[in-house]
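Residue numbering for the sequence shown is 16 to 423, as defined by this note's numbering.
For glycine and all other residues, C-beta sits at the position ideal for the given N, C-alpha and C.
Computed from a predicted model, the values in this text were never measured in an experiment.
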Amino acid sequence: MSKKRNNQESIRLLNSLQEAGRGLYGKELAALSANELHNVVGQVVTAHISPRWAKSRQIYAQSRRAYYLSAEFLMGRMVFNNLYALNLLEPVRELLLAQGVDIACLEEVEDAALGNGGLGRLAACFLDSAATHNIPLDGYGIRYKDGLFKQSIEDGFQKEAADDWTAMGDPWCIRREEDAVTVSFAGQTVRAVPYDMAVIGYGTQNVNTLRLWQSEALTEFNFTAFNDQNFAGAVEEKNRAEEISRVLYPNDSTDDGRRLRLKQQYFFCSASLQDIIRRYHQAYGKGYAQFAGHCAVQLNDTHPTVSIPELIRLLEQDGVPFEEAFEIVRKTFSYTNHTVMQEALEKWNRNLFASVLPEVYDIILRINDRMLVEFTDMGMEENEMEAMRIVDDWQIHMARLAVYGSSY
């Protein structure tokens, strides 16, 4: 009976692969390129896990949830990881081989290089582990158009080129237009559109989600400007919006580069928090009495630290007083940094920060004042407080903000 069932499942799987190949490309499996085969397998796997993915979201909607905010997620080749987690790697390998296709060809396909090394790989492993242990944890990050750069060596020197990893398709991410939100900076507002990637637990029915935000313009094309032959101006808003999620870690050697990097961090943090609040209201209705008990948010390194003042801003916007908002925030966030080297502990020039995020800057000043009052009431010496100031010497110390504004 078991052998018969396995044969039936293999036949269904092969039929699904063949139908997807014909439906997407009008080809048989043996005629598909590596990228086409990747898209076919991705579509079939996504359809296969769709019911359990929906069920996992439904089960966890009312429970305490964890969220992982990170500027990087180095997920690797999803096709092999997902097939392995579903115990389908060998069956698919054998089915394809019978059709004259070697699954090893999929190693040629560009992976979603949305991380730059250890930090991004740790984040990916954290998500995989949580899914496998049936922990309701979803990740939030940025859907960079160009991820980790392509490297070549010319005349003995490294040469870098853009890595447009979605150019040949992305079968693992589903665009969720209905959950798009807006994010505002000084003089600019953009749409944050989420793309959901399934994080499949090994040997379990659980499927968590990595939600990646893509920055888009509110108005992509200015017809009036184009009609007036201002061709560059017709797409200026589109270009300015898309540059936010274009490249992983843009060069920050100039003020323009630093502003862009700050925009990136705030962009995905604000969008993620708006999404978390929406989920909370769906489960508990209005008010925030149970917010910290429902949402546990982990900050991966200093990049998402702007989430702390941003959540206060969002709560105040909804009528929550500052002191109450701060206590909710402190109970909601946890923070991990992966090195204590000074260059890894982010600091922002006060003027630059205020020019990009004036409302958030004002909240950081209030958090700093609150901290100094609290430390004074504790009897702390002045020299001790000086070493802990969040706003100090014309700089905002994000690691200090993360420590003070999170659970301890």
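Beta-carbon proximity of residue i to residue j, cut-off 8 Å
i	j	result
V321	Q279	no
G488	L89	Outside the displayed span of the chain (16 to 423) sits residue 488, for which this structure offers no information.
S285	V198	yes
A213	A76	no
I378	I405	no
L52	Q313	no
Q203	R274	no
A145	P319	no
R158	Q58	no
A340	I327	yes
Where residue i falls, given that 16 or more other Cβ within 10 Å makes a residue buried
i	result
K301	exposed
A409	In the sequence on display, residue 409 carries Trp and not Ala. W409 is exposed by the Cβ-count criterion.
C140	exposed
F172	exposed
D161	buried
H353	exposed
G132	exposed
D411	In the sequence under discussion, the amino acid at residue 411 is Ile, which differs from the Asp named in the question. I411 comes out buried.
E325	buried
E252	buried
D290	buried
P265	buried
S71	buried
P186	buried
L227	buried
Extent of the continuous alpha helix (DSSP H) to which residue i belongs
i	result
M93	93–100
Y295	270–299
H63	49–75
Q332	322–332
N223	First-last for N223: 222–232, but that is the beta strand (DSSP E), not the alpha helix (DSSP H).
M400	397–401
P106	104–113
L367	365–371
Closer than 7 Å: residue i CB and nearest the ligand PLP heavy atom
i	result
F368	Absence of the ligand PLP from the depicted structure is noted, as is the absence of any ligand whatsoever, leaving it without description.
Whole-angstrom C-beta distance between residue j and residue i, which should lie under 8 Å
i	j	result
I323	L387	With 8 Å as the limit, I323 and L387 do not qualify as a contact, their Cβ atoms being about 17 Å apart.
N232	V262	Note that residue 232 corresponds to Ala in the displayed sequence, not to Asn. About 17 Å separates the two Cβ atoms, so there is no contact after all.
Y210	A100	Not confirmed; about 20 Å, so no contact.
V56	V94	6 Å
G420	I382	6 Å
L39	L110	At roughly 17 Å, the Cβ-Cβ gap does not stay under 8 Å, so L39 and L110 are not in contact.
M413	T351	The Cβ separation is near 13 Å, so there is no contact.
I215	I64	6 Å
Terminal residues of the beta strand (DSSP E) in which residue i lies
i	result
E175	172–176
H412	410–412
I215	203–215
I157	152–157
### Query
Any contact of the stretch 139–155 with the stretch 215–223, i.e. 3+ C-beta pairs under 8 Å?
yes
#### Entry: Segment contact, 8 Å Cβ cut-off, at least three pairs: the stretch 76–87 with the stretch 118–127
no
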